[in-house]
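Remarks on the structure that follows.
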Amino acid sequence: MRIRPPAGVQQIFRTMGRGWRLFDLSETALATRVEVSGASFAYLLDILPRLPALHPEDIPGGSNAPPIWHIPQTEIAIRKVEEGEQRSAYLSRRKP
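So that you can map any letter, position 4 of the sequence shown is 4 in UniProt numbering, and since no number is skipped, the others follow by simple counting.
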């Protein structure tokens, strides 16, 4: 018999799953990816609400988007992934 977690727990798992996909973890050991992505997502949830609101027109996009963009007033960088299964996605990645 399979036991389903309560709806609130299911929602947390869905949210965390979407959050994990924000990060390029290709250089992170498989054994630590869940821990690293969970901590990284928690940090973002803590930091982003403290920042001034971003206007959509200030966020680059489309075919002219730069390969890297920093969220203003932070060291958070969003980079275009050039290879692998997430190629062409824009993800947060640790500094090289």
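All C-beta atoms in this analysis are idealised placements derived from N, C-alpha and C, irrespective of residue type, glycine included. Remember, predicted model here, so these are calculated numbers, not experimental data.
* To do: Give every residue of the same chain whose Cβ lies closer than 6 angstroms to the Cβ of HIS70, excluding the five residues on either side of it in the sequence, and list them in chain order.
  => ALA77
* Could you tell me whether any non-hydrogen atom of the ligand MN is closer than 7 angstroms to the CB of PRO67? => This structure lacks the ligand MN; in fact it carries no ligand of any kind.
* SER92 by DSSP, collapsed to three states: which one? -> strand
* Asked: If we call anything under 8 angstroms between Cβ atoms a contact, is PRO60 one with LYS80?
  -> no
* Alpha carbon to alpha carbon, what distance is there between VAL36 and LYS91? -> It should be noted that the sequence gives Leu, not Lys, for residue 91. Near 14 angstroms, if we compare the C-alpha coordinates of VAL36 and LEU91.
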